[in-house]
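Going down the list, the sequences are from chains C and U. All residue numbers for the first sequence refer to numbering that gives the first Met the number 0, where the first residue is 0 and numbers rise by one. All residue numbers for the second sequence refer to numbering that gives the first Met the number 0, where the first residue is 0 and numbers rise by one. Every residue gets a Cβ at the ideal spot worked out from N, C-alpha and C, and that includes glycine. Values in this document were obtained by computation on a predicted structure and should not be read as measured data. Reading through the structure tokens given below for one structure.
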Amino acid sequence: MRLSNLAHLYRVRLRARLFQEGLAVVGIAAGVALLFASQIASDSLSSSVAQLNAGIVGSAQLQLSARDAHGFPDRLLGQVRRLPGVRLAAPLLEVNANAIGPKGSESVELVGADSSLSALGGALVRRAALTPFAGLGAVVLPVPLAKTLGVREGQTLTFQTGGKVSEAALFQQLGARQIGPLIDSPVALAPLEYAQELSGVGARITRVLVAPEAGRTRAVRSELLRLAAGRLNVESSDYEVRLFAKAAAATNQSTTLFAAISALVGFLLAFNAMLLTVAQRRRLIADLRREGYSSRAVIAVLLLDAAVLGVFASAVGLALGDELSVLLFRSTPGYLASAFAVGSQRVVSWQSVSVAAVGGILAALLAVLSPLRDILSRDPLAATAPSSASGARTSALLGAGGVACLAVSVVTLLAAPRAAALGVACLLAAMLLLLPLSFAGALWLVRRLAPGVTSAVPHVAVMELRSGRGRAIAIAATGAIAMFGSVSIQGAHGDLLHGLENAAHDENAFTDIWVAPAGSYNLLTTAPFATRGVLQKIEHLQGVRAVRIYRGGLLDYGERRVWVIAPPREATPLVPASQLVQGTPATATGRLREGGWAILSEALAREHHLRVGQAFTLPSPSPSSFRVAALSTNIGWAPGAIVINASDYARAWGSEDASAFNVLLAPGVSQREGVEEIRRALGPSSGLAVQSAEARASQQRALSRQGLARLTQIATLILTAAVLAMAAAMGAMVWQRRPRLAKLKLEGFSPRELRATIILEGTLLLGVGCAAGALAGLLGQQLLDSALAQIVNYPVARSLGLGAALASLAIVTAASIAVITVPGWFAVEVPAGLALQD
Amino acid sequence: MLELRELAKHYAAIGGETIRAVDGVSLSVAPGEMVALYGPSGSGKTTLLLMIAALLEPTAGSVLVDGRDISSLSKTEASRFRLTELGFVRQSFDLLPGVSAIDNAVLKLLSTVRWREAHRRIEPLLERLGLGQRLEHRSETLSMGERQRVMIARALSTEPRLLLADEPTGSLDSQRSREVLELLRELCRERGVAVVLVSHDPLAAGYADRVLALRDGRLQDYEPDR
Numbered sequence: 000m001r002l003s004n005l006a007h008l009y010r011v012r013l014r015a016r017l018f019q020e021g022l023a024v025v026g027i028a029a030g031v032a033l034l035f036a037s038q039i040a041s042d043s044l045s046s047s048v049a050q051l052n053a054g055i056v057g058s059a060q061l062q063l064s065a066r067d068a069h070g071f072p073d074r075l076l077g078q079v080r081r082l083p084g085v086r087l088a089a090p091l092l093e094v095n096a097n098a099i100g101p102k103g104s105e106s107v108e109l110v111g112a113d114s115s116l117s118a119l120g121g122a123l124v125r126r127a128a129l130t131p132f133a134g135l136g137a138v139v140l141p142v143p144l145a146k147t148l149g150v151r152e153g154q155t156l157t158f159q160t161g162g163k164v165s166e167a168a169l170f171q172q173l174g175a176r177q178i179g180p181l182i183d184s185p186v187a188l189a190p191l192e193y194a195q196e197l198s199g200v201g202a203r204i205t206r207v208l209v210a211p212e213a214g215r216t217r218a219v220r221s222e223l224l225r226l227a228a229g230r231l232n233v234e235s236s237d238y239e240v241r242l243f244a245k246a247a248a249a250t251n252q253s254t255t256l257f258a259a260i261s262a263l264v265g266f267l268l269a270f271n272a273m274l275l276t277v278a279q280r281r282r283l284i285a286d287l288r289r290e291g292y293s294s295r296a297v298i299a300v301l302l303l304d305a306a307v308l309g310v311f312a313s314a315v316g317l318a319l320g321d322e323l324s325v326l327l328f329r330s331t332p333g334y335l336a337s338a339f340a341v342g343s344q345r346v347v348s349w350q351s352v353s354v355a356a357v358g359g360i361l362a363a364l365l366a367v368l369s370p371l372r373d374i375l376s377r378d379p380l381a382a383t384a385p386s387s388a389s390g391a392r393t394s395a396l397l398g399a400g401g402v403a404c405l406a407v408s409v410v411t412l413l414a415a416p417r418a419a420a421l422g423v424a425c426l427l428a429a430m431l432l433l434l435p436l437s438f439a440g441a442l443w444l445v446r447r448l449a450p451g452v453t454s455a456v457p458h459v460a461v462m463e464l465r466s467g468r469g470r471a472i473a474i475a476a477t478g479a480i481a482m483f484g485s486v487s488i489q490g491a492h493g494d495l496l497h498g499l500e501n502a503a504h505d506e507n508a509f510t511d512i513w514v515a516p517a518g519s520y521n522l523l524t525t526a527p528f529a530t531r532g533v534l535q536k537i538e539h540l541q542g543v544r545a546v547r548i549y550r551g552g553l554l555d556y557g558e559r560r561v562w563v564i565a566p567p568r569e570a571t572p573l574v575p576a577s578q579l580v581q582g583t584p585a586t587a588t589g590r591l592r593e594g595g596w597a598i599l600s601e602a603l604a605r606e607h608h609l610r611v612g613q614a615f616t617l618p619s620p621s622p623s624s625f626r627v628a629a630l631s632t633n634i635g636w637a638p639g640a641i642v643i644n645a646s647d648y649a650r651a652w653g654s655e656d657a658s659a660f661n662v663l664l665a666p667g668v669s670q671r672e673g674v675e676e677i678r679r680a681l682g683p684s685s686g687l688a689v690q691s692a693e694a695r696a697s698q699q700r701a702l703s704r705q706g707l708a709r710l711t712q713i714a715t716l717i718l719t720a721a722v723l724a725m726a727a728a729m730g731a732m733v734w735q736r737r738p739r740l741a742k743l744k745l746e747g748f749s750p751r752e753l754r755a756t757i758i759l760e761g762t763l764l765l766g767v768g769c770a771a772g773a774l775a776g777l778l779g780q781q782l783l784d785s786a787l788a789q790i791v792n793y794p795v796a797r798s799l800g801l802g803a804a805l806a807s808l809a810i811v812t813a814a815s816i817a818v819i820t821v822p823g824w825f826a827v828e829v830p831a832g833l834a835l836q837d
Numbered sequence: 000m001l002e003l004r005e006l007a008k009h010y011a012a013i014g015g016e017t018i019r020a021v022d023g024v025s026l027s028v029a030p031g032e033m034v035a036l037y038g039p040s041g042s043g044k045t046t047l048l049l050m051i052a053a054l055l056e057p058t059a060g061s062v063l064v065d066g067r068d069i070s071s072l073s074k075t076e077a078s079r080f081r082l083t084e085l086g087f088v089r090q091s092f093d094l095l096p097g098v099s100a101i102d103n104a105v106l107k108l109l110s111t112v113r114w115r116e117a118h119r120r121i122e123p124l125l126e127r128l129g130l131g132q133r134l135e136h137r138s139e140t141l142s143m144g145e146r147q148r149v150m151i152a153r154a155l156s157t158e159p160r161l162l163l164a165d166e167p168t169g170s171l172d173s174q175r176s177r178e179v180l181e182l183l184r185e186l187c188r189e190r191g192v193a194v195v196l197v198s199h200d201p202l203a204a205g206y207a208d209r210v211l212a213l214r215d216g217r218l219q220d221y222e223p224d225r
């Protein structure tokens with residue numbers, strides 16, 4: 000058949016199934032939108048870091064980098080440039096800073112560079128002159144950042160960095176034409192000398208970017224390693240991107256899991272809608288085959304149906320997803336921004352578009368081609384045969400498959416929690432495979448109970464559900480998957496949040512007040528500052544009992560940017576007791592106080608093949624030996640954490656700088672009073688922020704919630720989509736059944752009885768689906784908890800999650816039934832005479 | 000034109016018994032001739048038509064159309080035969096729902112010509128069938144008689160040489176049945192189309208050139224009082 004004829008046939012048939020086709024479009028579009036939006040969110044995070052890195056490093060292939068914010072003397076640059084095989088070497092100073100303008104403040108990466116960086120060709124500096132304004136003492140900012148801060152060329156802005164406050168003029172705003180996608184990066188660019196002055200590091204830099212001559216990369220790397228002498232890192236220039244990928248892996252994996260579940264819900268909505276037109280399609284197939292059309296021609300007719308539906312729905316889904324990513328998923332997880340320069344750019348890759356669109360088209364294909372058996376049958380009349388319900392053998396096979404899958408997921412949970420992804424997939428399969436049996440069981444139960452009731456309602460409900468078994472199971476499956484996603488993910492989310500709150504409590508239990516460099520970049524209290532003068536000023540305050548030095552930092556250890564926590568040796572409690580997974584708090588405390596011992600995150604220890612008691616060398620600025628005192632969770636920082644005492648930190652970092660003062664208050668002084676007294680003593684321009692331990696814990700809790708906010712948003716969207724999907728599918732099913740309802744009316748059924756029948760059907764259908772989903776979800780929660788704890792090493796406070804599951808079950812079932820009563824109410828108003836018409 | 004030679008279709012029933020749906024039927028139909036087959040439900044009428052239409056494989060015997068054995072055609076050849084050489088009039092509820100009369104009528108023509116051309120070709124036939132004013136009406140808004148005429152138009156649209164009609168008046172009143180049978184006879188005679196019509200309707204006998212009865216799968220002489 001010609002394409003124009005296929006199109007004509009499609010168009011003329013569309014009128015009769017516009018509503019069902021609309022429902023299918025909504026379903027596929029919802030799945031595509033959620034898949035696309037979550038992919039944009041993940042891509043944007045990783046891509047913003049990659050773009051900024053590429054914008055800075057340009058053609059450099061290697062880098063010599065410092066292991067902490069203190070950097071290394073810039074005279075090393077000359078030595079690098081003189082190494083044989085080095086074509087270009089450019090110095091860089093990168094300092095985390097808080098930029099404050101008239102309109103607000105932003106955490107930025109202050110980048111100091113000279114004109115040699117331009118020679119590497121990175122997009123950030125290619126068109127930004129770094130020498131002409133060197134003498135002016137000014138910075139350049141991307142346009143959006145300048146706008147957020149409310150600063151224009153010639154105006155001044157304030158930089159807080161490492162307890163130092165400086166003012167700088169804005170020389171130039173960089174637009175998209177100059178720096179392309181980097182326009183949304185949180186970066187302030189300054190000539191090297193001026194950046195050194197602003198940050199107060201003196202003649203030091205943090206990186207030297209190296210472009211070797213062709214074919215000399217390996218030789219140059221060896222020379223750089225010799226120069227680094229084990230105190231600096233020599234890595235490829237994309238090291239930052241790799242570190243970020245590791246840090247964001249947990250967030251991206253969970254987003255992908257959500258995206259997969261949402262795509263599945265979207266597909267089921269589409270499938271439900273398509274089931275409404277299966278009878279029509281089967282009739283068309285029979286008609287075409289009887290009239291002499293070949294199987295290929297019939298498939299072409301259906302493929303056009305699928306293509307139009309898939310392309311249109313995918314286009315709608317992509318547009319919706321794009322909007323969703325702007326409105327809902329735009330926020331950057333703050334905890335990552337404290338260690339990486341994460342921009343706010345939205346990166347839409349062709350891969351994301353392709354995956355989402357292909358997913359949508361495949362869903363349409365699967366849904367439209369469901370009567371494929373009829374087409375492929377040798378018997379052209381196959382499609383005229385009534386669709387047979389699955390036989391007892393099929394049910395038994397499905398049931399056996401379901402039990403096997405369930406067994407695999409239980410074994411995974413008990414014996415191999417690291418294979419949680421396999422466990423969740425098996426659990427999902429088990430739930431779907433066992434659904435027909437559960438459904439049959441529910442119907443059997445109603446039939447057993449029905450003789451005790453003087454009403455035809457249960458009999459009619461069971462009869463109706465049996466006659467449309469395929470569609471009923473598809474609707475129940477939608478509810479089951481949505482409930483599974485909601486219960487398992489929200490349950491695991493709750494357990495993780497609870498665990499993170501425990502971690503936040505432990506991190507703040509050893510002090511009353513924190514005094515640390517101000518700025519949102521310093522959320523993990525990792526910025527070093529010189530203690531001179533300030534310590535004495537606080538110590539002498541009336542309400543202060545003691546001041547202790549806390550140290551902490553971020554250390555690139557292998558492929559992980561690890562959080563090093565170093566409380567003062569005297570701190571009580573010294574170790575985060577709730578976070579230990581191996582070793583006792585008492586032993587660990589004793590060892591840490593003694594010095595030379597470290598608590599390591601379990602995943603980190605595993606990666607470096609370390610066990611409790613074993614020695615290892617920490618790749619700190621002054622590499623030092625430690626022994627493993629105990630193993631812990633990652634204390635809320637995905638790449639992992641290391642706990643040592645503050646004195647050991649000073650030794651390993653070769654610096655007496657503090658990261659914070661832990662202030663203990665005199666008896667009777669409240670934290671609020673203490674904070675006010677210290678703030679007064681330090682004055683407004685100290686560059687230090689004073690925060691009570693309670694406020695810091697609360698800020699960390701908020702940060703955890705913010706980091707997990709996207710998961711909550713997607714879980715809610717899935718649930719909402721599922722409720723609407725089930726309600727729409729049930730509503731359409733009820734509406735399509737009006738001729739049958741008319742027949743029942745003709746037989747003497749009252750509208751009240753018919754409504755009761757519809758409600759009972761809905762309750763059975765949704766009850767079975769949602770209950771199966773909730774039960775599987777509880778097991779899924781345990782699997783996800785295990786995965787979070789074992790793979791990512793997150794602190795997870797495990798719970799059964801029964802209460803939340805029951806609440807979700809009740810809400811979803813009640814909401815869906817409430818929604819289907821509307822079409823049900825109108826459907827039973829059908830005149831009985833309809834039964835007598837053709 | 001059409002020749003059936005000892006055509007048989009047997010099914011194995013539960014308990015080892017054999018059901019002889021069609022049992023050694025031999026019949027010849029000439030071009031332009033209308034043969035009516037009568038028989039009660041289960042007498043094998045529809046099975047016979049399905050075998051002539053190459054929709055069902057016979058157990059024994061052969062179906063010859065212009066000397067060619069239809070029962071030995073491949074799946075593709077059988078489809079081609081139905082599409083170009085055969086018209087099949089069935090009960091009117093086989094029309095595509097929500098689709099206009101003219102689009103339902105051109106369904107077969109779309110395999111060979113563009114839809115505009117198909118519309119142009121089918122319009123005179125639909126006019127002739129009295130549907131000139133109802134071309135754009137959806138199938139469900141048409142009366143039973145009108146729907147049956149749309150079916151006839153579709154069956155004749157590709158100018159077949161053989162037409163099979165399965166209870167074409169099954170859901171029509173006597174007035175509409177007469178109209179449909181008359182149109183069928185007229186059009187087939189004009190075009191030299193051989194017609195095999197199976198029916199319960201006694202009216203059909205009056206329009207057929209030959210009337211036969213099918214009882215227990217065997218062909219017999221038609222006796223109206225039986």
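If you drop the 5 nearest sequence neighbours on each side, which residues of the same chain put their C-beta closer than 6 Å to that of residue i?
i	result
alanine 312/C	Val24, Ile27, Ala28, Gly359
serine 386/C	Model confidence at serine 386/C stands at a pLDDT of 49, short of 50, so the residue's coordinates are unreliable and nothing is read from them.
Closer than 8 Å by C-beta to residue i: which residues in its own chain qualify, once you throw out the five before and the five after it? Chain order, please.
i	result
threonine 17/U	His9, Tyr10, Ala11
alanine 248/C	Ala637, Val791
In this structure, how does DSSP classify residue i when only helix, strand and coil are distinguished?
i	result
proline 72/C	strand
tryptophan 562/C	strand
serine 156/U	coil
glycine 776/C	helix
isoleucine 634/C	coil
proline 794/C	coil
Is residue i buried or exposed, if buried means 16 or more other CB atoms sit within 10 Å of its CB?
i	result
glycine 493/C	buried
alanine 29/U	exposed
glycine 54/C	buried
leucine 181/C	buried
glycine 686/C	buried
With C-beta atoms as the reference, is residue i less than 8 Å away from residue j?
i	j	result
valine 209/C	glutamine 350/C	no
glutamine 154/C	leucine 169/C	yes
serine 176/U	leucine 202/U	yes
valine 627/C	valine 642/C	no
arginine 568/C	alanine 645/C	yes
Going by Cα to Cα distance, which pick from the options is closest to residue i?
i	options	result
glycine 400/C	Gln38/C, Gln154/C, Leu436/C	Leu436/C
histidine 7/C	Val98/U, Gly86/U, Pro159/U	Val98/U
valine 48/C	Ser408/C, Ala587/C, Pro185/C	Pro185/C
glycine 779/C	Gly761/C, Leu326/C, Pro567/C, Gly490/C	Gly490/C
Handout entry: Against chain D: residues of the region 279-294 of chain C by CB proximity under 7 Å
Key = As a matter of chain content, chain D is missing from the structure shown, whose protein chains are C and U.
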